[in-house]
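Contents: one structure, followed by commentary.
Numbering (this note's numbering), first residue to last: 81 to 752.
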């Protein structure tokens, strides 16, 4: 019997909920479209594909001709469509009921479009926890793909990772296919003939499979890959090389699963792919982990040691990034409310919850969109709209005190029909979330500047250069720069960014520590007091219709200055659609510094938001505005991204019983 090898080839296509249509169209032009059209020409090349639900719906509406090719490939048995959570949630971090809802939503979508429900599933970011098994099995999923690294971490022999294994949890069974890291790193980066030769080298007498399932974006969207994969013909060469091979046969996962037998029982540890396990660690620990990996590679021991150099787990992102944790806990709170509604639950509510669970805005590494304001905005857009719908059918108290993010410090959520404010009951008494229901927007949705373990690379001159005669470099191996980064760009925040975070300056300019204490509350307001060397400072935060009002009252004559800082998430960021309006004139946009003496009123208009904020002060203030930028990495290189516009208001305090009232009036607006 001659040696053979089954090639199980799968691709995963996904774009984050909330991504720009121009990005989606470009992705299709450079990747999805040419990939589909190329595979269509080779009916004998069997493969699997997963498209996240939101992306699939967009492509079907925008590019129906190419989607028709997918349908034809399914009908002729060439293509297996694979399921998952509809909006690409990390299943391990949402409740069982939501896992079922997400999985069934995409399965139903695929059945309607392609005539059959999926038996296999893509596991978002290959984040594995045994707790996901029951929902996958209950949703009719027979098998999923995870990395071979997961199996190595469980002590499995690499030589046996050429078929599927079986696991079980809470009385349900699920089969697991180990994705080959060696293939992930070769396709499409190594020359096509070398990739085919490597697959052939895995052939053996008896049953064996070479298992590949990875991002389709590597076939055209990653740097240099469009030219390499399509213009220079890598994909065509690879397909033709595979089909011409006397030892390789292509199969869909469903075909292989139907005829093959399990390699046996396996229990995998909680993990993801090896790069993700580094990204989840805090910066200082990630640097140490990086050092261990480098030392292991330098000593030539990495392949034998990598299973024991495991790094962190995906849920660490909630510990490392407080903003991600807050967003996640807000989502979980709404999930609990929605799952109690029973008959009053609507499809729109389900869709919004699914959008709020899309993974991309919750994490950061080389990919992951926590640093991208438009992706966080899409999550909050869903959260705010869903909360409003829930309030309509199952009203909650006008004011609630909870420790939403489980950090040991309470927050107060209070709302009316137009707005919701969330005040953190720490010494700052600042507003950490400000929701406008009509705009479906959280003006407190920003991100602090915090140290990332890769920041040391931004000041070097390294760049990944590929030798095209030997293939191209993966985005994992490149260091490039989308924007110039200077040491000044790497300033870090000692605390989170919020609205109405106050500083008291003495006459000599020294900052006086303010420690606000909650002294009283009503349905629409909170009262605080801070003891200072010059007497008490009273602060009141209240809502009235579409206005957030903050009032400061000094108990007796004080000297010095009061400063308050507002960090406002404006969707236009530093683009041309956002602008200040002062006395009927436009002094600049949000991305430009602005200073005004004696200011009492200024408007912030944002055409992307379709809304307007009117900032008013009862007393003239020194006003300044600066854009808040962060530095992060992506597959396109290091980049600076505007997170918020930071406003500072400063008032001299020289009057007895001085009082200052500040308001933010929020309205929808038609802006030209």
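Yeah, the Cβ is synthetic: ideal placement off N, Cα and C, and Gly gets one too.
For residue 377, the enclosing alpha helix (DSSP H) has its first and last residue at 363 to 378.
Around the beta carbon of residue 258, a 10 Å sphere encloses 16 or more other beta carbons of the protein chains shown; the residue is thus reported as buried. Using a Cβ distance threshold of 7 Å, residue 360 and residue 388 do not count as a contacting pair.
Counting only residues of its own chain and dropping the five nearest sequence neighbours on each side, residue 203 has a CB closer than 8 Å to the CB of 164, 171, 212, 224, 225, 226. Note that the C-beta distance between residue 440 and residue 96 is below 7 Å.
In summary, residue 619 is buried, with 16 or more beta-carbon neighbours lying within 10 Å of its beta-carbon over all protein chains present. Using a Cβ distance threshold of 7 Å, residue 263 and residue 118 do not count as a contacting pair. DSSP assignment within the segment 593 to 656 yields the following whole beta strand (DSSP E) runs of 3 residues or more, N-terminal first: 597 to 602, 605 to 612, 615 to 624, 627 to 634, 641 to 648. Beyond the five residues adjoining it in sequence on each side, residue 458 comes within less than 6 Å, by CB distance, of 97, 98 in the same chain, given in chain order.
If you ignore the 5 residues before and after residue 709, its C-beta comes within less than 6 Å of the C-beta of 720, 722, all in its own chain and listed in chain order. DSSP, read as helix, strand or coil, puts residue 242 in coil. Annotation for residue 526: 577, 647, 649, 723, 724 place their beta carbon closer than 6 Å to its own, counting only its chain and skipping 5 residues before and after. Under the criterion of beta carbons closer than 8 Å, residue 623 and residue 496 qualify as touching, at roughly 5 Å.
In the three-state DSSP reduction, residue 713 falls in the coil class, being neither helix nor strand. Short of 7 Å from the beta carbon of residue 133, and not among the five residues preceding or following it, lie these beta carbons of its own chain, in chain order: 166, 167, 185, 186, 189.
By the beta-carbon neighbour count (other beta carbons within 10 angstroms, threshold 16), residue 637 is exposed. Here DSSP, grouped into helix, strand and coil, assigns residue 312 to coil. Residue 536 is classed as exposed because its beta carbon has fewer than 16 other beta carbons within 10 Å across all chains shown.
Going by beta carbons, residue 328 and residue 85 fall inside the 7 Å limit.
Annotation for residue 425: 418 place their beta carbon closer than 7 Å to its own, counting only its chain and skipping 5 residues before and after.
Inter-residue distance for residue 333 and residue 128 is about 7 Å (C-alpha atoms, whole angstroms). Taking 7 Å as the cut-off, the beta carbon of residue 352 is found no closer than this to the beta carbon of residue 137. In the three-state reduction of the DSSP assignment, residue 99 falls in the coil class, being assigned neither a helical nor a strand state. A Cβ-Cβ contact shorter than 7 Å links residue 460 with residue 522. Counting C-beta pairs closer than 8 Å gives fewer than three between the segment 376 to 384 and the segment 276 to 290, which falls short of the contact rule. Secondary structure remark: continuous alpha helix (DSSP H) runs of at least 4 residues inside the segment 324 to 357, in chain order: 333 to 339. Straight across, the Cα-Cα distance linking residue 394 with residue 415 is about 20 Å.
Runs of the beta strand (DSSP E) lying entirely within the segment 440 to 487 and spanning at least 3 residues, in chain order: 479 to 482. DSSP places residue 508 in the coil class of the three-state scheme, outside both helix and strand.
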